[in-house]
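Asker: Here the sequence shown is numbered in this note's numbering, starting from 126 and rising by one per residue.
Virtual Cβ for every residue (Gly too), placed ideally from N, Cα, C.
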Amino acid sequence: MLLAVFMNTIASSVARHQAFQAPLLVYPKLIEERSDGDTKVVGLHGALTLNLRKSSVLAPTLLVRTFRRGSPVENYVNSSVLERHLYEDKEQLAAVNLVQHGVDGISLEGVISPYYRIEPAQQLQRSNEGGIPHLIHLIRERKFKDNVQVRAETRKATSVEGRTAESEESVKLPEKVKVELFVVADKAHYSYFPSRQKFLDYLCTLLLSVNLRFSGMSNPRVRILLIGVELPEEEHYIVGNAKTMYDDLTLPKFQKHAHRMKKAYKKADAVFLLTGRDVYTKEGKKQDYDAAGIAYMGGLCTEYFVGLGEDIPGSYDGVFVFTHELAHILGAGHDGSDPDPESVEGDPGSKNCPWKDGFLMSYEDGGPKHHRFSECSKEQMRHVLSMRGPECWSVTISKAYAPSKVYPGMIVAADFFCKRVYHGKSSVKAQLNDNELARCKMQCCYGRGRDEKCYDHDLLDYMRCGRRKICLRGVCKRQKV
């Protein structure tokens with residue numbers, strides 16, 4: 126009811142502006158907060174409120190893989206820092222980053238319903254009551270179609286953990302299953318954001334929205350756990366150009382790449398290519414740009430554990446595509462489909478759930494149902510999870526990289542760091558000066574004389590930046606005894 130009132134308010138506001146999809150100006154206000162800080166009630170506009178709870182989508186430590194002149198650089202980020210502002214409202218399907226500014230002001234950025242997103246309007250002044258201005262935008266309603274790659278090899282594929290699907294027998298599922306996901310974001314997507322931090326904030330919110338759609342799953346409850354992100358320089362697996370991507374040819378090339386990189390990708394259960402390009406498929410010789418994603422049916426924990434989907438960066442319009450393609454990887458076909466034993470042995474199919482009902486695995490918009498899985502989709506995913514067994518859905522990354530009291534700067538010296546980063550270069554050394562150290566920066570240099578080259582680097586957490594001072598998250602501060 127509140128959502129209907131809100132949508133009508135948006136519509137009337139747009140009519141007054143005489144512009145379709147004009148943004149609505151609002152001043153969010155914190156109405157109530159529990160003492161633990163994990164639950165907040167936020168008023169947005171009129172009667173619409175969000176009942177927000179702290180949430181999580183990350184493994185305890187997140188791997189962020191970047192590249193410097195072609196060489197990979199791996200950083201492990203404490204996920205509690207990334208998630209400290211992450212909140213959800215399961216009823217409204219809202220996922221936001223919420224930051225409190227002083228006593229009165231709060232800022233929100235993210236998705237407040239399946240249809241709307243919110244962001245601060247930094248160019249506008251605060252209200253007389255001190256509220257921070259925000260704009261609510263319609264999320265673009267895209268025409269959507271996708272392809273499901275059906276491969277006989279998928280059924281026989283070697284699993285990531287070494288088992289084969291042919292040898293798998295269904296086992297009893299636990300109450301909860303965490304699917305470990307690795308995301309590769311292409312340049313067309315991540316380069317939109319002004320900083321890596323902004324990209325990671327956005328990705329966490331996007332994935333939280335995806336998880337809200339999986340929250341309707343039971344026996345087991347399924348949660349997608351982000352274990353790593355890669356921001357590549359080279360994208361040899363993409364078939365297309367800087368603006369477009371051909372789905373049918375990109376997916377198998379990306380599959381081979383991800384399978385080859387499975388150790389670097391921490392043996393994830395699934396790997397997803399998030400693209401800012403416009404995905405297309407081919408109908409004969411004609412390019413069809415209504416396509417938005419593609420995945421291997423039931424590829425979870427096999428060598429065909431990949432999918433891809435498009436998202437206009439900053440818009441959150443890829444939530445549906447992301448969820449839909451991950452569900453394919455987990456074994457859910459399109460609603461109304463016959464069993465597909467070529468992709469998944471013993472697949473129960475989804476014939477009893479008509480396409481026209483408009484659940485998530487259909488392109489028909491069934492209203493609220495379009496953001497939920499049909500019973501057939503749930504049964505198909507249970508079937509694949511049961512087949513894959515504990516070797517697939519037991520969480521490994523959080524154990525291997527759990528936070529500890531030992532920080533990188535405690536065990537890695539500056540010279541050693543530089544020599545590792547510039548492995549293969551001659552005369553590598555760290556250059557440290559007081560001004561740079563105060564900013565938690567240093568330089569790594571290699572070569573001699575006129576051939577010497579130096580590059581800036583951040584000091585690792587707990588590297589020393591002065592007398593009794595250490596760097597922590599880029600800030601030089603006095604070390605506590």
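With distance defined between alpha-carbon atoms, name the residue in C570, S551, Y547, L399 nearest to M557.
Answerer: Per the sequence shown, residue 557 should be read as Leu rather than Met. Among C570, S551, Y547, L399, the Cα nearest to that of L557 is on C570.
Asker: Classify G599: buried if its beta carbon has 16 or more other beta carbons within 10 angstroms, exposed otherwise.
Answerer: Exposed is the call here.
Asker: Going by C-alpha to C-alpha distance, which of R242, Y587, L331, G443 sits closest to S150?
Answerer: Sequence inspection shows Leu at residue 150; the Ser mentioned does not correspond to that position. For the residues R242, Y587, L331, G443, the minimum Cα distance to L150 belongs to R242.
Asker: Just reading off the alpha helix (DSSP H) that E359 is part of, what are its end residues?
Answerer: Where E359 is concerned, there is no enclosing alpha helix (DSSP H), given that its DSSP letter is neither H nor E.
Asker: Below 8 Å on the Cβ atoms is my contact criterion, and I expect L351 with V182 to pass it. Report the Cβ-Cβ distance as a whole number of Å.
Answerer: The Cβ separation is near 5 Å, so the contact holds.
Asker: To the nearest angstrom, how far is it from the Cα of S340 to the Cα of R346?
Answerer: Looking at the two C-alpha atoms, the distance is approximately 7 Å.
Asker: Roughly how many whole angstroms lie between the Cα atoms of A253 and V431?
Answerer: Note that residue 253 is Asn in the sequence shown here, rather than Ala. Roughly 51 Å separates the two Cα atoms.
Asker: Got a sec? Which residues, its chain only, sit under 6 Å from A450 by beta carbon, not counting five neighbours each side?
Answerer: Per the sequence shown, the amino acid found at residue 450 is Glu instead of Ala. G418, A420, G432, G434, listed in sequence order.
Asker: Just to confirm the assignment: which complete beta strand (DSSP E) runs, minimum length 3, are found wholly within the segment 161-235?
Answerer: Listed in chain order, the complete beta strand (DSSP E) runs (minimum 3 residues) inside the segment 161-235 are 164-170, 173-179, 183-193, 196-203, 211-214, 219-226.
Asker: Starting from the Cα of D611, find the closest Cα among R251, V166, G256 and give me that residue.
Answerer: Nothing can be reported for residue 611, as the shown portion of the chain is limited to 126 through 606.
Asker: Can you tell me whether DSSP reads A246 as helix, strand or coil?
Answerer: DSSP places A246 in coil when its eight states are reduced to three.
Asker: Sort A395, A452, A457, G401 by Cα distance to T427 and report the nearest one.
Answerer: T427 has its Cα closest to that of A395, out of A395, A452, A457, G401.
Asker: Would you check if there are 3 or more beta carbon pairs closer than 8 Å linking the segment 216-224 to the segment 191-201?
Answerer: Verdict: no, contact absent.
Asker: Taking the alpha carbon of L331 as the reference point, which residue from I231, N222, D413 has its own alpha carbon closest?
Answerer: For L331, the nearest C-alpha among the options comes from N222.
Asker: Below 8 Å between beta carbons: does that hold for H314 and G401?
Answerer: Contact flag set, yes.
Asker: Determine the extent of the beta strand (DSSP E) in which I595 is found, giving its start and end residues.
Answerer: Start and end: 594-597.
Asker: With distances taken from CA atoms, which of Y580, D373, K179 is nearest G409?
Answerer: Ranking the options by Cα distance to G409, first place goes to D373.
Asker: Tell whether a beta-carbon distance below 8 Å holds between L597 and V537.
Answerer: It is not a contact, given that the beta carbons lie outside the stated cut-off.
Asker: Do you know offhand how far K392's Cα is from E305's?
Answerer: Cα to Cα, the separation comes out at about 9 Å.
Asker: Identify, in the order they occur along the chain, each residue of the same chain with its Cβ nearer than 6 Å to the Cβ of C543, setting aside the five sequence neighbours on each side.
Answerer: Here the set comprises V553, A555, C569.
Asker: Go ahead and pull the three-state DSSP assignment for K544.
Answerer: Helix.
Asker: Put G591 into one of helix, strand or coil per three-state DSSP.
Answerer: Correct three-state label for G591: strand.
Asker: With H, G and I counted as helix, E and B as strand and the rest as coil, what does DSSP make of L298?
Answerer: Three-state DSSP puts L298 in coil, outside helix and strand.
Asker: For a test of the three-state rule: what should DSSP assign to D403, helix, strand or coil?
Answerer: In the structure shown, D403 sits in a strand (DSSP, three-state: E or B).
Asker: So which of A563, K566, V520 has the shortest CA-CA distance to P185?
Answerer: Taking only the C-alpha atoms, the option nearest P185 is V520.
Asker: In whole angstroms, what separates the C-alpha of F445 from that of P479?
Answerer: Near 19 Å, if we compare the C-alpha coordinates of P479 and F445.
Asker: Could you give the first and the last residue of the continuous beta strand (DSSP E) run that contains K503?
Answerer: Here K503 belongs to no beta strand (DSSP E); instead the alpha helix (DSSP H) covers 500-513.
Asker: Kindly indicate which three-state DSSP category T521 falls into: helix, strand or coil?
Answerer: Three-state result, T521: coil.
Asker: Please identify the residue among D413, C601, L177, S551 whose C-alpha is closest to the C-alpha of M567.
Answerer: Comparing Cα-Cα distances from M567 to each of D413, C601, L177, S551, the minimum goes to C601.
Asker: Count the other CB atoms within 10 Å of the CB of R593; is the residue buried (16 or more) or exposed (fewer)?
Answerer: When all chains shown are included, R593 counts as exposed.
Asker: S502 and M486 - do their beta-carbons sit closer together than 8 Å?
Answerer: Closer than 8 Å, so yes.
Asker: From the DSSP output, which residues share a beta bridge with V431?
Answerer: V396.
Asker: Out of curiosity, what's the CA-to-CA distance linking L207 and P319?
Answerer: Distance between the alpha carbons of L207 and P319: 16 Å.
Asker: Could you tell me which residues DSSP pairs with G424 in its beta bridges?
Answerer: For G424, which the question treats as bridged, DSSP gives no partner whatsoever.
Asker: So the candidates are Y405, Q505, L399; which of them puts its Cα closest to the Cα of F324?
Answerer: Here the closest residue by C-alpha is L399.
Asker: Check G353 in the structure and name its three-state DSSP category.
Answerer: In the structure shown, G353 sits in a strand (DSSP, three-state: E or B).
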